[in-house]
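Single-structure report; data block below.
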Amino acid sequence: MTLQKTTIDPVESTSRTVVTMEDHDEAYYVWQKAGFRDRVLLHFDAHIDFEWNSFSPSVLLEKGSQREIHAELKQYPFWNLSPKPLQEQIHIGNYIRQAIREGIVRKFVWIYPDHPDPEKQSLAVKKILEALTQNSYGEFTAESSHLPGCFEGYVGGKPLTVIPFSKLPRISTSEPVLLDIDTDFFTVQSLHSSDYPSGEFENPVPWLLPRDFFTELQNQHFRFDSITIAYSVEGGYTPLALKFLGEELEMLFKGTGNPDSESKFKSLHTALALQKNGEIRPALQQLEAALRKAPGEASLNFNTAMICLKINAVDKAKQYYEQATGNDPSYRTPYNHPGPVYFQTNRLREARESYDLMEKVDPENPHYKLFRIGDAFGKKQWDQVISKGELLLNHSFDHSDLRLYLAQAYTRLKHYDRAWDHVLAIRPNECSYPVSGSLYLKASLAKKMGLRETALECYQHLLRHWIKTPQVHWNIAKLYFAKGNFYKTRKHLLETVRVFYMKPFYQLLNRLKRWRGRS
Numbered sequence: 024m025t026l027q028k029t030t031i032d033p034v035e036s037t038s039r040t041v042v043t044m045e046d047h048d049e050a051y052y053v054w055q056k057a058g059f060r061d062r063v064l065l066h067f068d069a070h071i072d073f074e075w076n077s078f079s080p081s082v083l084l085e086k087g088s089q090r091e092i093h094a095e096l097k098q099y100p101f102w103n104l105s106p107k108p109l110q111e112q113i114h115i116g117n118y119i120r121q122a123i124r125e126g127i128v129r130k131f132v133w134i135y136p137d138h139p140d141p142e143k144q145s146l147a148v149k150k151i152l153e154a155l156t157q158n159s160y161g162e163f164t165a166e167s168s169h170l171p172g173c174f175e176g177y178v179g180g181k182p183l184t185v186i187p188f189s190k191l192p193r194i195s196t197s198e199p200v201l202l203d204i205d206t207d208f209f210t211v212q213s214l215h216s217s218d219y220p221s222g223e224f225e226n227p228v229p230w231l232l233p234r235d236f237f238t239e240l241q242n243q244h245f246r247f248d249s250i251t252i253a254y255s256v257e258g259g260y261t262p263l264a265l266k267f268l269g270e271e272l273e274m275l276f277k278g279t280g281n282p283d284s285e286s287k288f289k290s291l292h293t294a295l296a297l298q299k300n301g302e303i304r305p306a307l308q309q310l311e312a313a314l315r316k317a318p319g320e321a322s323l324n325f326n327t328a329m330i331c332l333k334i335n336a337v338d339k340a341k342q343y344y345e346q347a348t349g350n351d352p353s354y355r356t357p358y359n360h361p362g363p364v365y366f367q368t369n370r371l372r373e374a375r376e377s378y379d380l381m382e383k384v385d386p387e388n389p390h391y392k393l394f395r396i397g398d399a400f401g402k403k404q405w406d407q408v409i410s411k412g413e414l415l416l417n418h419s420f421d422h423s424d425l426r427l428y429l430a431q432a433y434t435r436l437k438h439y440d441r442a443w444d445h446v447l448a449i450r451p452n453e454c455s456y457p458v459s460g461s462l463y464l465k466a467s468l469a470k471k472m473g474l475r476e477t478a479l480e481c482y483q484h485l486l487r488h489w490i491k492t493p494q495v496h497w498n499i500a501k502l503y504f505a506k507g508n509f510y511k512t513r514k515h516l517l518e519t520v521r522v523f524y525m526k527p528f529y530q531l532l533n534r535l536k537r538w539r540g541r542s
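Remember, this note's numbering sits 23 above the position in the sequence shown when you count from 1.
Structure (structure tokens):
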């Protein structure tokens with residue numbers, strides 16, 4: 024894609040659709056269902072949403088000749104050994120890769136947020152692109168262009184352009200494009216913050232208003248035949264207080280605005296700005312005035328509840344919160360406060376304070392109870408983990424994080440049979456923790472219980488997840504030794520030594536290469 028000043032005449036597409044969603048990977052299914060082919064994708068997001076999802080080697084069995092097999096092996100240098108079909112491996116981090124592979128997208132443009140310090144922002148983007156390049160075996164390339172903060176390259180043989188929002192007028196295309204927006208584009212401004220990939224959660228204010236964003240796109244005269252908008256609240260990228268940004272964008276692109284909706288969004292933006300400046304009472308007055316006109320609006324009720332909590336008006340906060348969740352149940356989510364993000368970034372004191380505050384308005388929320396169990400687990404209070412965890416489980420809250428806490432607590436107390444029951448009930452994709460955590464626990468438990476084949480299978484699964492640590496190879500070697508397979512015992516003992524001594528050496532070598540490349 025050429026970076027030059029656009030000279031396109033405005034053309035409005037009659038087939039344009041606007042679809043909102045929580046999980047961004049649903050955009051792929053929207054494009055697939057519509058039958059789009061060879062489209063330019065404009066991806067406005069604080070995250071590139073590009074990971075590698077590789078084919079299973081089973082596709083080689085469908086080839087009719089050895090030549091076709093060799094061609095496939097040459098085209099795709101790495102493979103996914105997961106038994107799941109490729110379609111089931113698509114998620115919010117890799118859906119664009121699949122769209123490119125299937126020919127839906129033939130040009131990928133990532134537009135990232137502007138920042139007051141463009142040099143730091145550009146360096147952060149460069150690091151993101153370098154990480155993708157290093158792990159792509161030549162499938163992903165990106166180099167700095169002549170414009171500051173801009174990068175160009177190829178992904179899967181398709182052109183790639185990466186630019187900040189301020190450089191949008193340099194994009195030129197006369198084709199209809201797929202417009203793909205994540206609301207965290209407006210909320211996660213800094214890509215070099217220590218909190219990235221999350222953003223500001225204490226007093227969130229969008230760095231760019233949807234109205235200004237919409238006006239800028241209108242000025243560029245792009246032709247959109249599909250607009251997908253993701254809220255991205257779950258996971259902690261967009262603060263729930265700013266979920267309304269997606270609703271506002273939908274209204275703007277559909278052209279369904281009216282004085283009432285315009286007034287609602289204006290009140291929300293004004294209240295957030297006042298709150299950011301420490302003017303809590305005026306912010307509350309602004310929202311309460313808006314609620315008198317639209318008492319059922321979930322976004323107004325939720326934001327009002329959060330402001331009431333700041334001034335310790337708990338009873339009022341509870342009333343507004345119940346009104347919000349009653350009209351829109353999606354507001355009763357684990358991510359309706361900063362606690363989970365604080366916990367993910369190891370800011371435990373702030374996490375506890377946030378959970379304490381939210382528990383006052385929603386004391387029966389099982390996710391808040393789950394945090395208490397996790398807190399007890401962090402303090403190694405195994406008996407409390409088990410008593411509180413089993414009680415929560417008996418109240419029909421069966422969550423994999425809860426099962427993982429219980430399994431580890433029972434393991435610490437050497438109640439292996441009870442621990443094993445919980446391990447078998449874990450659904451790895453539901454866990455907040457890496458899949459490797461539950462696999463390693465299952466492997467170590469199986470070994471303690473004499474289930475050598477199960478333990479060996481789990482450790483081999485860890486290797487397929489690229490968890491190639493000395494400890495994993497050492498455990499595999501011991502299991503093969505117990506089976507009398509001395510050839511594989513020797514092989515994994517050698518791998519234990521090689522990984523232990525050689526991995527730090529290779530890491531140092533790669534750092535030196537990167538340092539020489541910058542000099």
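Every residue, glycine too, gets a C-beta built ideally from N, C-alpha and C.
- Three or more beta-carbon pairs separated by less than 8 Å link the region 249–256 to the region 200–214, which places the two stretches in contact.
- By the Cβ criterion, the region 312–330 is in contact with the region 280–294, since at least three pairs of Cβ atoms, one from each stretch, lie closer than 8 Å.
- Residue Met381 holds the alpha-carbon nearest to the alpha-carbon of Asn359 among Met381, Lys149, Leu268, Glu373.
- Annotation for Asp46: Ile115 place their beta carbon closer than 6 Å to its own, counting only its chain and skipping 5 residues before and after.
- Residue state for His114 is assigned as coil, using DSSP reduced to three classes.
- Taken atom to atom, the span from the alpha-carbon of Arg450 to that of Asp421 is near 10 Å.
- For the region 151–227, the continuous alpha helix (DSSP H) assignments of 4+ residues that do not extend past its boundaries occur at 207–210, in sequence order.
- In this structure, Tyr177 sits near Leu183, with a CB-CB distance shorter than 7 Å.
- The region 341–357 makes no contact with the region 299–309; the number of CB pairs closer than 8 Å stays below 3.
- Residue environment analysis places Ile334 among the exposed positions, since fewer than 16 neighbouring C-beta atoms fall within 10 angstroms of its C-beta.
- As computed with DSSP, Phe131 is found in a beta bridge with Leu64, Leu183.
- Straight-line spacing of the CA atoms in Pro457 and Pro363 works out to 16 Å.
- Shown here, Ala69 sits in coil according to DSSP, grouped into three states, outside any helix or strand.
- Sixteen is the threshold: when 16 or more other Cβ atoms of the shown chains lie within 10 Å of the Cβ of Asp72, as they do, the residue is buried.
- For Met329, the three-state secondary structure derived from DSSP is helix.
- Each of Thr164, Leu146, Arg426, Glu271 was checked against the Cα of Ser216, and the nearest Cα belongs to Leu146.
- Beyond the five residues adjoining it in sequence on each side, Val185 comes within less than 6 Å, by CB distance, of Trp133, Phe174 in the same chain, given in chain order.
- Taking a C-beta distance under 7 Å as the contact criterion, Lys277 and Ala317 do not qualify as a contact pair.
- Under the DSSP assignment, Val458 falls in the alpha helix (DSSP H) whose first and last residues are 458–471.
- Counting along the chain, no alpha helix (DSSP H) covers Thr261, and no H or E run does either.
- For Arg475, the uninterrupted alpha helix (DSSP H) run begins and ends at 475–487, by DSSP.
- Rounded to the nearest whole angstrom, the CA to CA distance from Met472 to Ala478 is 9 Å.
- Here the alpha carbon of Tyr503 sits roughly 52 Å from the alpha carbon of Val63.
- When DSSP states are grouped into helix, strand and coil, Ile250 belongs to the strand group.
- By the Cβ neighbour-count rule, Asn324 is buried, with 16 or more other Cβ atoms within 10 Å of its own.
- DSSP, read as helix, strand or coil, puts Val42 in strand.
- The same chain holds no residue with a CB closer than 6 Å to that of Glu302 once the five nearest residues on each side in sequence are set aside.
- For Pro389, the enclosing alpha helix (DSSP H) covers residues 389–401.
- A distance of 7 Å or more separates the beta carbons of Tyr260 and Asp218.
- In terms of Cα proximity to Glu345, the closest of Lys130, Asn417, Glu320 is Glu320.
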